[in-house]
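Before any comments, here is the structure.
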Amino acid sequence: MSIEITHLGSGSKGNAALLSSGDSRALIDCGFSLRQTEKRLSLIGVAPDSIDAILVTHHHKDHSGSALNASKSWGAKLHCNLETAMRLGWRPLEDCRTFSNLERVECATGLSLITVPVPHDDAENVAVIASDREGGRVAIVTDLGEATAELEKHLRGCNHISIEANYDYTKLIQGPYPDSLKRRISGRGGHLSNTQTAELLGNVCHSGLDSIVLCHLSEKNNAPHLAESEVLMTIGDTFSGDISVSKQSGPEFSHWTGNAGSRRFAAA
Ligand SMILES: [Zn+2]
Ligand SMILES: [Zn+2]
2 MSIEITHLGS GSKGNAALLS SGDSRALIDC GFSLRQTEKR LSLIGVAPDS
52 IDAILVTHHH KDHSGSALNA SKSWGAKLHC NLETAMRLGW RPLEDCRTFS
102 NLERVECATG LSLITVPVPH DDAENVAVIA SDREGGRVAI VTDLGEATAE
152 LEKHLRGCNH ISIEANYDYT KLIQGPYPDS LKRRISGRGG HLSNTQTAEL
202 LGNVCHSGLD SIVLCHLSEK NNAPHLAESE VLMTIGDTFS GDISVSKQSG
252 PEFSHWTGNA GSRRFAAA
């Protein structure tokens, strides 16, 4: 058995990544409308009520959007930390289960999740490390201004890493945003640039890393070929797996732990 990873789409307008292992399914973030999420799941033949759990990384709308509605309408357990629940007005126990940093969340049979805190503006955001019984490990990491030693530790040994490559530094600086916003995006609580993501991947890349998905790309301040080429320039000598970019539309492809390829869907 392996963990299958499918991004339903990623970017500032919505994020959701489906993790499946055997019959167990967990959605990491649920930032699209309920209708849009169900439509995207139907494109890959997944019944919404087969999803066991939804984990919301932080309260920003592009991650939390329809999570509560989806949880109620699909009968999926909703997980988040206390700060996220408070910010969204979700009631612990009634609406959601709350986890602490680095706590193991057994969200479905055979699929467990560990949440690692990461720095992000005005939010208690977490990265998610998923593992199955066979020792497959997957990371989903978005919305952070910089990597931490703790995050790097958890990324080492992962077979798949989905990580944001939000902006190209030159494009951001020369782009249309006001200076204050440029500073916020590139600051400690903002987002990772292509360069930061490449450096982080360079630090954690190992022979068992099968696949990488770059996600949460800014439509104004980045482009898929820029993100991909910057990462490959840094890790190209050591990484021989599949690298893909998840866009705002989707789903476009799936990856599996233990497999250095990907499956592309005909139409997204
Ligand atoms: Zn986001
Ligand atoms: Zn955010």
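To convert, note that position 260 of the sequence shown is 261 in the working numbering; the numbers rise steadily by one, no gaps.
Beta carbons: idealized from backbone N, C-alpha and C, even for Gly.
Sequence-distant Cβ neighbours of S245 in its own chain, meaning closer than 7 Å and more than five residues away, are V214, F254, S263. In the DSSP annotation of this structure, the continuous segment of the alpha helix (DSSP H) that includes T85 starts and ends at 83-89.
At least one heavy atom of ligand 2 lies closer than 6 Å to the C-beta of D144. C216 is bridged by DSSP to E165.
Between V106 and Q175, the alpha-carbon positions lie close to 42 Å from each other.
P225 sits in a helix when the DSSP states are folded into three classes.
Secondary structure at V57: coil, using DSSP grouped into helix, strand and coil. For R98, the uninterrupted beta strand (DSSP E) segment begins and ends at 98-100. One Cα belongs to S3, the other to G23, and the distance between them is close to 8 Å. If you look at T196, you'll find it isn't in any beta strand (DSSP E); it sits in the alpha helix (DSSP H) that goes 195-205. Around the beta carbon of P93, fewer than 16 other beta carbons sit within 10 angstroms, so the residue counts as exposed. Note: I130 is bridge-paired with I115, A140 in the DSSP secondary-structure output. Under DSSP, the beta-bridge partners assigned to G10 are A17. Taking a C-beta distance under 7 Å as the contact criterion, A124 and H192 do not qualify as a contact pair.
In this structure, the alpha-carbon of D211 lies about 13 Å from that of I236.
No Cβ-Cβ contact shorter than 7 Å links P252 with R36. Assignment of I4 by DSSP, reduced to helix, strand and coil, places it in the coil class. Beta-bridge annotation (DSSP): L28 is paired with L19, I55. DSSP places K248 outside both helix and strand once states are collapsed to three, so it counts as coil. For the 7 Å CB-CB criterion, W75 and P49 form a contact. Taking non-hydrogen atoms of ligand 2 into account, the C-beta of H226 is found less than 6 Å away from none of them. Beta-bridge partners assigned by DSSP to D243: S212.
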